[in-house]
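In what follows, a single structure is set out as structure tokens and then discussed.
There are 2 protein chains.
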Amino acid sequence: MAQKYTYAFGDENTEGKADMNNLLGGKGANLAEMASLGILVPPGFTVSTEACVYFFNHKYTFPPKLWDEILSRLKDLERSLKRKFGCTENPLLVSVRSGARVSMPGMMDTVLNLGLNDITVRGLAKSTKNEWFALDSYRRFISMFGNVVLGIPGERFEAILSKKKSKRQIEFDTELTIQELKALIKQFKSLVTRLTHEEFPEDPLQQLRMAVEAVFNSWNTERARTYRRLNGIPHEWGTAVTIQSMVFGNMGDTSATGVAFTRNPATGEKKFYGEYMINAQGEDVVAGIRTPHSIEKLEQDMPEVYQDLVKVYQKLENHYKDMQDLEFTIENQKLFLLQTRSGKRTTASAIKVAIDMVNEGLLSKREALMRVPANQMDQIFHPTIDPKAKLKLIGKGLGASPGAAAGKIVFSPERAQELAEKKEKVILVRMETSPEDIHGMSVSQGILTAKGGMTSHAAVVARAMGKPCVSGVNTLDVNAKRKKCTLGNLQLKELDSITLDGTTGRVIKGSVPLIQSRLTNNFTKMMAWAGEVRSLQIRANADTPHDALMARDFGAQGIGLCRTEHMFFDEERIFLVRKMIVAEDEKTRDEALKKLLPIQRGDFTEIFKVMEGFPVTVRLLDPPLHEFLPNTSAEIKSLAKEMKVSPGTLGKKIEKMKEVNPMLGHRGCRLGITFPNIYSMQVRAIIEAACRLVKKGINVFPEIMVPLVGHVSEFKIVRELILEAAEEVIGKTGVDLKYKIGTMIELPRAAMTADEIAVEADFFSFGTNDLTQTAFGLSRDDSGSFLNEYLEKGLLAHDPFVSVDQDGVGQLISIAVEKGRKVKPNIHLGICGEHGGDPASINFFNKIGLDYVSCSPYRVPTAILAAAQAVIQEDS
Amino acid sequence: MAQKYTYAFGDENTEGKADMNNLLGGKGANLAEMASLGILVPPGFTVSTEACVYFFNHKYTFPPKLWDEILSRLKDLERSLKRKFGCTENPLLVSVRSGARVSMPGMMDTVLNLGLNDITVRGLAKSTKNEWFALDSYRRFISMFGNVVLGIPGERFEAILSKKKSKRQIEFDTELTIQELKALIKQFKSLVTRLTHEEFPEDPLQQLRMAVEAVFNSWNTERARTYRRLNGIPHEWGTAVTIQSMVFGNMGDTSATGVAFTRNPATGEKKFYGEYMINAQGEDVVAGIRTPHSIEKLEQDMPEVYQDLVKVYQKLENHYKDMQDLEFTIENQKLFLLQTRSGKRTTASAIKVAIDMVNEGLLSKREALMRVPANQMDQIFHPTIDPKAKLKLIGKGLGASPGAAAGKIVFSPERAQELAEKKEKVILVRMETSPEDIHGMSVSQGILTAKGGMTSHAAVVARAMGKPCVSGVNTLDVNAKRKKCTLGNLQLKELDSITLDGTTGRVIKGSVPLIQSRLTNNFTKMMAWAGEVRSLQIRANADTPHDALMARDFGAQGIGLCRTEHMFFDEERIFLVRKMIVAEDEKTRDEALKKLLPIQRGDFTEIFKVMEGFPVTVRLLDPPLHEFLPNTSAEIKSLAKEMKVSPGTLGKKIEKMKEVNPMLGHRGCRLGITFPNIYSMQVRAIIEAACRLVKKGINVFPEIMVPLVGHVSEFKIVRELILEAAEEVIGKTGVDLKYKIGTMIELPRAAMTADEIAVEADFFSFGTNDLTQTAFGLSRDDSGSFLNEYLEKGLLAHDPFVSVDQDGVGQLISIAVEKGRKVKPNIHLGICGEHGGDPASINFFNKIGLDYVSCSPYRVPTAILAAAQAVIQEDS
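Protein chains in written order, with my numbering: chain A, 2 to 877; chain B, 2 to 877.
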């Protein structure tokens, strides 16, 4: 049999069903499903996504037989409806609608009322005995076709319509007279001719062909591509096209069009929820040209239709076992369903709906767990932009840390602090942030940067702080000195207000209203269910007692990564740290280290206390030492004075320590090998803190982690050093302390030689950030200039710093897991990169059998849910 | 049987042989071998390297039974020689000598005349009837033991001796009277007591035990560790210790000591070659206290002994089938051999000896090929320091580019050029070099840098230019502005003379005489033999017609890496390149590219012509674009003027393009993807050049190589771009051109997904430099601060930028080879990193079945020979 590209639906002859959405798109598949359920839908047929894929792969041409197939389907439709396409007496009109595998609301195009021209419009008037309706449909068709198919900005048609209305001093389109509609149609058509240099196409078949092509092409608009990239939808899927006979909500006061949710999408409340508009077509509701009525009013307006609608929605919800988002049209008191799909909802709503449906017996617990998007779990902690607010988008970047924030912009951390002390809400705007900006970040509502990806400094710190952040806004240029910035063509100065949406990456003009979320009992219940199912343990990355406490509250079962370097940046300590680094002799260095020891011990004591009963993995110092050194001449001067050297000498020393590629430089365990006293001090601080707590009867399980090991010999020498320092402390205190010594696996060479390293190590923690950087040869700090283009062009399906690259980086991890377990079957394996909070990555880590993932505290609920979902998916 | 740690040698009871050098060290094994051959050697025994390894692994203690074993061996020796250790009448004296698996001349310690004390010295005088000799031996023993075992600087003893001689106004030690010797012994002993606060040990057994320990410990002196590191000898081997009965060359005019080579080590001439000294012990010859006689004179002095020596040397050469380096002692006209080993020789000598021995029927061609150290083949092209010259070493770095150079130092490329125009020989001294220094490097005799390793810019460029370079001299600090530098404590200013030895990394004060080498027929013959054996093809890395020609002359079978970026730095072009980079619009960029096209075409035309009949692999632009941009404000100003923008705007643009980790940034094929026009221009230049030559009947085989591919999608998109540009040119010219499109495999991710990439690629060229950097997470530019320490401490056995890391990087390459061949069995595989010229790496590449290696032109003979040796080793 030759390949078939079209699938019919309608009461007689329905060929599709709901699970054929890959082929028919969500819309086409669900129309077929509804038809099979006996729900009234206007009959039609769907051109499959395969035709669209063919179209793009063959220089924008249809598959050979497609047009014939469409014509033949059209004939079937004419027969069944007893109307004829292009007929002058009783014409058949169709809508041409897009439909992707997964819903991309508002992203692609639709044309309604197709088939009208100067002749058929008269036939329509005649057959419906409603000339006003026919003309109204025609003017709608011309503007919609003109916009979608011919590329004329919708505003041009709007302007003509507005002018006409203001001249007549009327408010609504429905008040236009027949004469005015006729004039409008003429004006619309001449606008088309003026702008396209061609007559408006009168041939209905030509209209149809052009519309199908336009819908195909709408798959590749800028906004559609961006939407897919942000939502991880592959560009190669393509869209289906549904060609459906028209029903009309604009046939007068017995007709209407509407949308509804079977439950409240914002809260999850079990209550039918929606809006409708009398004498209107679909786009009127969306465009907001009149205020629609709440769905309850329909019960009074058309009680029978309302009862039909209630029956239909209950049937659909029971059938799909999920909250549905419906589109319907009432044509002369007759209800037609035009679409049903799973309703988009807030996370709070998703959780409530899922739990309610378990209680209603519609879902099992496992099914309910699959219904909440793990990736959006942290939405529940963050404010969101009020969905009712009108937004003026002025920039777009990466949604680097979720949540929304509004405030006045500032361009320096100092200014941020100054204003924050005066209780101003500020947004810190920088080209990129550095460790010295942290105090400014911590007092800001949100952070906006021009450079950097999902794992840039700004993004990582913001997520750790739970602050919204939009990073990598290419159109942003900051002039911090002059306290201004440009966003594309827009100039902004200090104290101008903006709003950030760190979930989607939007930058919005002015301060828009935000909604605060709250943890609920439902959330707690959902987490408990997930806990019963998952096999991965979930830990958190936390460097402070505050973060550790938050992580524990969210359900973390330990700290998987406690970075000691952030502790070094504290204002009181940085001076000692710098002294230690630039010391010319061991004595000066050891003096500084001696002073740092009790401070570090204090840090660990607090974290261990908070995490009582759980393991805490402390990573020894990792970043290149020059990161701690001063940059400004004032700071250099002050340090030089203290060190009793000339600022010139010190400056030269600092200069000499700078590196060409610091990411690949003198850092990680390389520091511990060349400056063993630094690591010894840290180990003593950890073990002393632990021993003192154990003495007090507090259970602590320290795990000491060595960063950036590339060769087993590095791990061996550092392990010896750790053992020596630790055993000395333990010997002195006489405490029976259990502790582990393990390593990061974050270099390809470490992964390839994991069998050698496993002999020595108690645990591996995969540092997927650095492993991604080294496996790809890609600096996350520098990828901004091309990574977006890679994602746009589909060279990479995902940002590998967000979702682990399973083919490459994942293969390295798998090899290391296999090699490690081969020599030490009980070696404890986890990951502590940014990927620890990404559901797709968690799925992968579950599959390859890691013991735990560790992520930022705010991502712990995401990780818990994703870990459960991974098990459910694996089992199914 | 319990483990045995000692092995006897001597006429009666010899337990070792030559191939036991792993256990007995070269010295011990060859003494045993000579004894078995019936050559007279003073009997003794060797403590095995296993004892030394035990000693280091057990906190400097002997294996439990070792001392008893030594005592028992000593008894055997006493029996056989009829003398007694510590005996007051006829005492046995021994030497305690070090001996590693492979010769480390002068690196470790030896003690002679051991067993003497205030009492035995009288016995020795009595039994030999030679009091002067006994006392001379005693004073030698005290100073040698004092130095080697007790750690007293040899100069302290020397000073006392010199004072005594100058007081007496005598020149030679032999002129000292008995009384004077006695006084000297007293003074030596009181020096020891003064400095060690203990009496000189009189107990011969205590002396022996201390001497054995001292020889063990001499394995780990700074100089020994450095020597091993530079020569790739593992630290864990340890040394053997040979305890041998003394024979005496200082018993008067019938006694002597000497060293000899069986052929000339500098030229290979087949002529016995050596020196001896009457009435002397071994160290006198080395120390040069008297001028020794040439070996020919021995024929007159002691004709019978000379005949014995001739017989012995011929026997040894025939037995070992190699040129030998002998040590002998004549005691009262009786010849004893103390050592034989394979003689160190220049490369020219090694080649001549090997070929002569084939002609003499001693060696097969394959054996002869194994006799020339491949690593030193390029010595033959470079001047070397006259071995007779006296050197004052003032610094030590990496031998980054072989050969010696002498000249006046300058600190800027401009100054280098200025002086070179006046025919001055200059050495360029820099903290590190950058592409802008190239013109200065090209006119200098040699390059000296403070920073950077074997693959730093200075090292790579210098090797490509065939210029000596010493890099990474940690003690060097350059103040270019003030035109001076310090080397440790030494101050040098512009125009001071120094000499560099780029083979060993030595920096020498003043201008010392150099010897120029020349290619010989022997060299050509050796290369031809290697060609018959090897299976790897050898290509060269060459960016200019000059380099290509040289490579071809040396036997290269193609260009494996033609870097196009070096072409961009040419003075005439850099301006166009910069214009192209900072262009704000496509038009300006395309204009600049259009002007670059004919220039690049010219480059390729010349290289293709030179390489007629051979493949030429051209790598498309690789480095980050900001590398090409100006740094000085003058240059920025001039470019800004040309571009008609303000210098501020341009400066900002340049600033914005700088990267945190340029190695992992916007470079390689990432450039080709974001700026496709650059690659298109390059492809057009390559293919136009090739087509024009083919039309003229010249055979060219261009291979276009895509750098830094990490994901198959990158290669696909660039391949499409290449095909499009290439086919357009080919279509226009109508030439039937064969060309290939392949990729570098230089990122771990590319190696892991090589099967996906192989589907698309005609060839892989492993970029082992970048693959090493990314697999290790190690920037070659920044590794200077710790890599040396790693090598010193034995954390790494080799510098992975010199010899490929087989365990890690090699594993990645092997995986890629396997995956690539699995999907495309005939895919062409090679490497083009620095490792292509390293014999150990070539051995590995041969083993894993690559098709070719590509290295710098000067390394081509090394690679040819190493490839042959790899095959021979694999076969054996």
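C-beta: ideal position from N, C-alpha, C; glycine also.
These numbers were taken from a predicted model, which means no experiment stands behind them.
Legend entry - Residues of the segment 735-750 of chain A whose Cβ lies closer than 9 Å to any Cβ of chain B, in chain order: Residues passing the 9 Å Cβ filter: E747, L748, P749, R750.
Inset, instruction - Just the chain B side, please: which residues come within less than 9 Å of L796/A by C-beta, in chain order? - result: Neighbourhood of L796/A in chain B, by CB distance below 9 Å: I674, H712, S714, E715, K717, I718, in chain order.
Inset, instruction - State yes or no: is the C-beta of R781/B within less than 8 Å of the C-beta of F767/B? - result: Result no, Cβ atoms of R781/B and F767/B do not sit closer than 8 Å.
Inset, instruction - Compute the beta-carbon to beta-carbon distance between L866/A and M378/A, rounded to the nearest angstrom, for a pair I have assumed lies under 8 Å. - result: Your pair L866/A and M378/A checks out as a contact, with CB atoms roughly 6 Å apart and the cut at 8 Å.
Legend entry - CA-to-CA distance, L493/B to V646/A, given in whole angstroms: If I take the Cα positions, the gap works out to 24 Å.
Inset, instruction - Measure the alpha-carbon distance for S191/A versus D110/A and round it to whole angstroms. - result: Rounded to the nearest angstrom, the two C-alpha atoms are 23 Å apart.
Inset, instruction - Spell out a yes or no on whether the segment 635-646 of chain B and the segment 693-712 of chain B are touching, meaning 3 or more CB-CB pairs, one atom from each, closer than 8 Å. - result: Short answer: they don't touch.
Inset, instruction - Would you tell me roughly how many angstroms separate the C-alpha atoms of D20/A and S37/A, rounded to the nearest one? - result: Taking the straight line joining both Cα atoms gives about 13 Å.
Inset, instruction - Identify which residue in R620/B, K654/B, M753/B has its Cα closest to the Cα of V707/B. - result: It is R620/B.
Legend entry - Reference Y591/B, options W68/B, M211/B, P677/B, closest by Cα: Per the sequence shown, residue 591/B should be read as Asp rather than Tyr. Measuring from the Cα of D591/B, the nearest candidate turns out to be P677/B.
Inset, instruction - Rounded to whole angstroms, what's the CA-CA distance from K5/A to G239/A? Just pull it up for me. - result: Taking the straight line from one Cα to the other gives about 17 Å.
Legend entry - Cβ shell of V193/A (< 6 Å), same chain only, five flanking positions each side left out: Contacts found: G147, F201.
Inset, instruction - Would you give the residue range spanned by the alpha helix (DSSP H) that V193/B belongs to? - result: Residue range 179-197 is occupied by the alpha helix (DSSP H) that includes V193/B.
Inset, instruction - Return the residue from the list S857/A, C833/A, M35/A that minimises the CA-CA distance to F846/A. - result: Selected option, being the one with the closest Cα: C833/A.
Inset, instruction - Compare the beta carbon distance of K366/A and V359/A with 8 Å and say whether it is the shorter of the two. - result: Closer than 8 Å, so yes.
Inset, instruction - State the DSSP-derived secondary structure class of G396/A, mapped to helix, strand or coil. - result: It is a strand residue.
Inset, instruction - Compute the Euclidean distance between the alpha carbons of V306/A and N251/A, then round it to the nearest angstrom. - result: Between the C-alpha atoms of V306/A and N251/A there is a straight-line separation of about 16 Å.
Inset, instruction - Over the uninterrupted beta strand (DSSP E) stretch that includes F620/A, give me the two end residues. - result: The residue asked about is misnamed: residue 620/A is Arg in this sequence, not Phe. First-last of the beta strand (DSSP E) with R620/A: 616-620.
Inset, instruction - Verify the CB distance criterion: does R431/A have a CB-CB separation below 8 Å to chain B? - result: For R431/A, no Cβ of chain B is located within less than 8 Å of the residue's own Cβ.
Inset, instruction - Output the boundary residues of the beta strand (DSSP E) element that contains L339/B. - result: Unbroken beta strand (DSSP E) run through L339/B: 335-343.
Inset, instruction - Would you mind reading off the limits of the beta strand (DSSP E) that contains N523/A? - result: No beta strand (DSSP E) holds N523/A; the alpha helix (DSSP H) holding it covers 522-534.
Inset, instruction - Kindly say whether H667/B, judged by its beta-carbon, lies nearer than 8 Å to any beta-carbon of chain A. - result: At least one CB atom of chain A sits nearer than 8 Å to the CB of H667/B.
Inset, instruction - Taking only the alpha-carbon atoms, compute the straight-line gap between R84/B and G45/B and give it to the nearest angstrom. - result: Rounded to the nearest angstrom, the gap between the Cα atoms of R84/B and G45/B is 13 Å.
Legend entry - Unbroken beta strand (DSSP E) run spanning K66/A, endpoints: Element bounds for K66/A: n/a, residue is neither H nor E.
Legend entry - Assigned exposure category for L488/B - 16 Cβ within 10 Å defines buried: Here L488/B is buried: its Cβ has 16 or more other Cβ atoms, across all protein chains shown, within 10 Å.
Legend entry - A407/A versus D478/A: straight-line alpha-carbon distance, rounded: Answer to the nearest angstrom: the Cα atoms are 20 Å apart.
Inset, instruction - Give the straight-line distance between the Cα atoms of F787/B and R671/A, rounded to the nearest whole angstrom. - result: In this structure, the alpha-carbon of F787/B lies about 7 Å from that of R671/A.
Inset, instruction - Kindly say whether T775/B, judged by its beta-carbon, lies nearer than 8 Å to any beta-carbon of chain A. - result: Interface residue (Cβ-Cβ distance to chain A less than 8 Å): T775/B is classified as such.
Legend entry - Partners in chain B for E587/A, counting only beta-carbon separations shorter than 7 Å: By Cβ distance, chain B contributes nothing, its closest Cβ being about 15 Å from E587/A, past 7 Å.
Legend entry - Minimum C-alpha distance to L797/B - residue among E715/A, I386/A, E214/A, S246/A: Of the residues E715/A, I386/A, E214/A, S246/A, the one whose Cα lies closest to the Cα of L797/B is E715/A.
Inset, instruction - At 9 Å on the CB atoms, spell out the chain B contacts of F765/A, in chain order. - result: Neighbours of F765/A on chain B: none; closest Cβ ~16 Å, over 9 Å.
Legend entry - Partner residues on chain B for R671/A, Cβ-Cβ distance less than 7 Å: Correct list: F787.
Legend entry - Neighbourhood of R230/B by C-beta, 8 Å cutoff - its chain only, sequence neighbours within 5 removed: Beyond the five residues adjoining it in sequence on each side, R230/B comes within less than 8 Å, by CB distance, of L792, E793 in the same chain, given in chain order.
Legend entry - Three-state class that DSSP yields for N131/A in the structure shown: The three-state secondary structure of N131/A, taken from DSSP, is coil.
Inset, instruction - Return no unless some Cβ of chain B is closer than 8 Å to the Cβ of Q308/A. - result: Residue contact with chain B for Q308/A: absent (no Cβ-Cβ distance below 8 Å to any residue of chain B).
Inset, instruction - Under 7 Å between beta-carbons, which chain A residues line up against I664/B? List them in chain order, please. - result: The residue you asked about is not Ile; residue 664/B is Met in the sequence shown. By Cβ distance, chain A contributes N662, L665.
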